[in-house]
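Basically my numbering = 1-based index in the sequence shown + 12.
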Amino acid sequence: MSKGLPTRSEDYSLWYNELVKKADLAENSAVRGCMVIKPYGYSIWEKMQAELDRMFKETGHSNAYFPLFIPKSFLSKEAKHVEGFAKECAVVTHYRLKNAEDGSGVIVDPDAKLEEELIVRPTSETVIWSTYKNWVQSYRDLPLLVNQWANVVRWEMRTRLFLRTTEFLWQEGHTAHATKKEAEAEALQMMNVYADFAENFMALPVIRGRKTESERFAGAEDTLCIEALMQDGKALQAGTSHFLGQNFAKAFDVKFATKEGGLEYVWGTSWGVSTRLMGALIMAHSDDNGLVLPPKLAPIQVVIIPIYRKDEELEAITEKVNGIMAELRKVGVSVKYDNRDTYKPGWKFAEHELKGVPLRIAIGPRDLENGTIEIARRDTLTKEQFELASQPISEKITGMLEDIQTSIYSKALNFRAEKTTEVNSWEEFKEVLEGKTGFLSAHWDGTSETEEKIKDLTKATIRCIPLDRREEDGICVYSGKPSTGRVLFAKAY
13 MSKGLPTRSE DYSLWYNELV KKADLAENSA VRGCMVIKPY GYSIWEKMQA ELDRMFKETG
73 HSNAYFPLFI PKSFLSKEAK HVEGFAKECA VVTHYRLKNA EDGSGVIVDP DAKLEEELIV
133 RPTSETVIWS TYKNWVQSYR DLPLLVNQWA NVVRWEMRTR LFLRTTEFLW QEGHTAHATK
193 KEAEAEALQM MNVYADFAEN FMALPVIRGR KTESERFAGA EDTLCIEALM QDGKALQAGT
253 SHFLGQNFAK AFDVKFATKE GGLEYVWGTS WGVSTRLMGA LIMAHSDDNG LVLPPKLAPI
313 QVVIIPIYRK DEELEAITEK VNGIMAELRK VGVSVKYDNR DTYKPGWKFA EHELKGVPLR
373 IAIGPRDLEN GTIEIARRDT LTKEQFELAS QPISEKITGM LEDIQTSIYS KALNFRAEKT
433 TEVNSWEEFK EVLEGKTGFL SAHWDGTSET EEKIKDLTKA TIRCIPLDRR EEDGICVYSG
493 KPSTGRVLFA KAY
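Okay, here's the thing in structure tokens:
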């Protein structure tokens, strides 16, 4: 097959868009700004979902589901929250259509206006906290540890598949606690769950950090985040976890009777990741030949392609392949036998390379005679002849898959290290940002005025205040005022 991909160096944005479409991950839909996630793309999301869901349940959370529609009055109850989302909300005003009298088509029935408009959820804090008021009466009802897998709508003007779409899939955790300390610990724990998932499953190194006040989630008192670096030197926020304080509890009057007999507002958190992780996975690892998928999230970990000319050769190969597949499946390896007779082996090689299948096995009549197979790695594009008698095939393949997972992570980690630069002057800041790109570690005076000025002048934002940063006296890279530590700046998606 002809991949027809532009190279990353030619046009990174076009490379990304074309790769998403050509690898059968997603496509634009008939609704502007929305996407169709195709089966291959959705199968990757399902693997992400399964691992995250397992991790949530291991930390004591349960799944529930809340309505798609939120009464407009709910959003008015938390001032910062409504201010943060007001410009992105889709609003339902009517509940019925009818045929136009002139026969021109379907129109909105003017007599079917809702008494109160409904907001298509941009996030669910308000509708969930209105529910929690009924669920919480006593300290015995706490903590509430709930997660929801859902879709949300945020009306976006500039969209890009997976990275920013009007409708997207995500999970959102919403928890309620008896103490501030407990809620803060929950927010930190879930940020670490996201970091663990990103690094151990996505093979994506992330910075654990805290957002500045101006970058916090609307209605939160503190926002923790994980930030990743893409191959074009831009940052991508891969997940956030928010300490909500008592803001939503007060807005929706969620109180509990304490052990001592008093009445107090509960403390809350919310946290989420979305199909944006798909965009991160693509941009962090893939190359000019197509996707490079970490084995732990690849829908197909091994593809086996027969090389033959005669039907009897195929029969003999298939018999051998069936044994190999049975052995691999016993140890949990997902394997596909691509014996389609409508495409030649070269075309299949290119297709599975484009789709990022970690390992490809080719086997022909000569391999049957010699007791060998050819194994090709997607990450390095290297091939080797393997003698089947030398080692159990399951042992060989699982070892190679583990090595690919580790190697992909190491490559991304080394890239991030190369693209992280300490800068100490405004001129150096601008020079590195435009030339080298990546993360810029720089002193900041802690004011939103300086943060906004840097953003206006360079389009770079403070991605986070790293949780492991050293406290050190310095001079702000822009204002020259005193600073107590470095923060990470970058241009971002």
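Yeah, the Cβ is synthetic: ideal placement off N, Cα and C, and Gly gets one too.
Margin query: Once DSSP output is grouped into helix, strand and coil, what is the label at E440?
Written below: Here DSSP, grouped into helix, strand and coil, assigns E440 to helix.
Check: If you draw a straight line from the alpha carbon of L303 to that of R390, how long is it in whole angstroms?
Finding: About 9 Å.
Margin query: With a threshold of 8 Å on Cβ separation, who are the neighbours of V148 within its own chain once the five nearest residues in sequence on each side are excluded?
Written below: Leaving aside the five residues that flank V148 on each side, the residues in its chain whose CB is nearer than 8 Å to its CB run, in chain order, L154, L156, A188, V266, K267, F268, V278.
Next item on the list: State yes or no: is the C-beta of V333 within less than 8 Å of the C-beta of I319?
Entry: It is not a contact, given that the beta carbons lie outside the stated cut-off.
Notebook entry, point to check: Among T235, M202, G251, which residue has its Cα nearest to the Cα of V218?
Noted result: Ranking T235, M202, G251 by Cα distance to V218 puts G251 first.
Item checked: Inter-stretch contact at 8 Å, needing at least 3 Cβ pairs: the segment 483-495 / the segment 444-461 -> Put simply, the segment 483-495 touches the segment 444-461. At least three CB pairs are less than 8 Å apart.
Next item on the list: Could you tell me which of D244, P478, P370 sits nearest to I387, measuring between CA atoms?
Entry: The residue with the shortest Cα to Cα distance from I387 is P370.
Check: Relative to the C-alpha of S25, which residue among E414, L175, T433, K342 is closest?
Finding: Here the closest residue by C-alpha is L175.
Item checked: L248: CB within 7 Å of a non-hydrogen atom of the ligand GTP -> With respect to the ligand GTP, the structure shown offers nothing to examine, as it has no ligands at all.
Next item on the list: Could you please give the first and the last residue of the uninterrupted beta strand (DSSP E) stretch that includes P83?
Entry: Membership of P83 in the beta strand (DSSP E) is indicated by the continuous run 81-83.
Margin query: When you compare the CB positions of A247 and F427, do they come within less than 8 Å of one another, or not?
Written below: With respect to F427, A247 sits apart: the two C-beta atoms are not nearer than 8 Å.
Check: Would you say the segment 340-358 touches the segment 403-411, given that touching needs at least three Cβ pairs under 8 Å?
Finding: The segment 340-358 and the segment 403-411 touch, with no fewer than 3 CB-CB distances between them shorter than 8 Å.
Item checked: T138 classed as buried or exposed, judged by whether at least 16 other C-beta atoms fall within 10 angstroms -> It is buried - the Cβ of T138 has at least 16 other Cβ atoms within 10 Å.
Notebook entry, point to check: Which whole runs of the beta strand (DSSP E) in the segment 241-311 are 3 residues long or more, in chain order?
Noted result: Runs of beta strand (DSSP E) with 3 or more residues, each lying fully within the segment 241-311, are found at 247-257, 267-269, 275-277, 279-286, listed in chain order.
Check: How should Q397 be labelled, buried or exposed, when 16 other C-beta atoms within 10 angstroms of its C-beta is the threshold for buried?
Finding: The C-beta of Q397 has fewer than 16 other C-beta atoms within 10 Å across all chains shown, which makes the residue exposed.
Notebook entry, point to check: Buried or exposed: L309, going by 16 or more other Cβ atoms within 10 Å of its Cβ?
Noted result: By the neighbour-count criterion, in which 16 or more other beta carbons inside 10 Å mark a residue as buried, L309 falls on the buried side.
Notebook entry, point to check: What is the rounded straight-line gap between the Cα of V444 and the Cα of N212?
Noted result: Their backbone Cα atoms lie some 30 Å apart in a straight line.
Checklist line | W359, buried or exposed, once every other Cβ within 10 Å from all chains shown has been counted against 16 | finding: So W359 counts as exposed.
Notebook entry, point to check: T47 lies in the beta strand (DSSP E); which residues open and close that run?
Noted result: Looking at the sequence provided, one finds Met at residue 47 rather than Thr. Looking at the DSSP string, the run of the beta strand (DSSP E) that includes M47 is 47-49.
Note to self: Checking the sheet assignment: what are the DSSP bridge partners for G358?
What the structure shows: DSSP lists no beta-bridge partner residue for G358.
Next item on the list: Kindly indicate which three-state DSSP category V132 falls into: helix, strand or coil?
Entry: Reduced to three states, the DSSP call for V132 is strand.
Item checked: Bounding residues of the beta strand (DSSP E) (the contiguous stretch that carries A102) -> Residues 102-106.
Checklist line | 8 Å Cβ cutoff met for Y52 and K367 | finding: Yes, the pair counts as a contact, with Cβ atoms nearer than the cut-off.
Margin query: Please report the distance separating the alpha-carbon of P357 from that of M295.
Written below: When rounded, the distance between both Cα atoms is 28 Å.
Checklist line | Given R475 as reference, the closest of N301, E339, L236 once Cα atoms are compared | finding: Nearest of N301, E339, L236 to R475, Cα basis: L236.
Notebook entry, point to check: Hey, how far is the Cα of K322 from the Cα of I336?
Noted result: Rounded to whole angstroms, K322 to I336 spans 21 Å at the Cα level.
Note to self: Given this structure, state the Cα-to-Cα distance separating L173 from D350, to the nearest angstrom.
What the structure shows: For L173 and D350, the gap between their C-alpha atoms comes out near 29 Å.
Item checked: DSSP-derived helix/strand/coil call for E399 -> Assignment of E399 by DSSP, reduced to helix, strand and coil, places it in the strand class.
Checklist line | Beta-carbon proximity check, L126 vs V94, cutoff 8 Å | finding: It is not a contact, given that the beta carbons lie outside the stated cut-off.
Check: Would DSSP call T235 helix, strand or coil?
Finding: Of the three classes helix, strand and coil, the one that applies to T235 here is strand, per DSSP.
Notebook entry, point to check: Where does the unbroken beta strand (DSSP E) through A454 begin, and where does it stop?
Noted result: Looking at the DSSP string, the run of the beta strand (DSSP E) that includes A454 is 451-455.
Next item on the list: Could you please give the first and the last residue of the uninterrupted beta strand (DSSP E) stretch that includes Q313?
Entry: Here Q313 belongs to no beta strand (DSSP E), and DSSP marks it neither H nor E.
Margin query: Considering only their Cβ atoms, is the gap separating T433 from S453 smaller than 8 Å?
Written below: The answer is yes: Cβ separation under 8 Å.
Margin query: Suppose the cutoff is 8 Å on Cβ atoms and the five residues either side in sequence are ignored; what does the same chain contact list for N301 look like?
Written below: Excluding residues within five positions, the ones whose Cβ falls inside 8 Å are K15, L17, E365, L366, L393.
Checklist line | Three-state secondary structure assigned by DSSP to P377 | finding: If DSSP states are grouped into helix, strand and coil, P377 belongs with the helices.
Next item on the list: For the alpha helix (DSSP H) containing H93, list its first residue and its last residue.
Entry: Residues 91-97.
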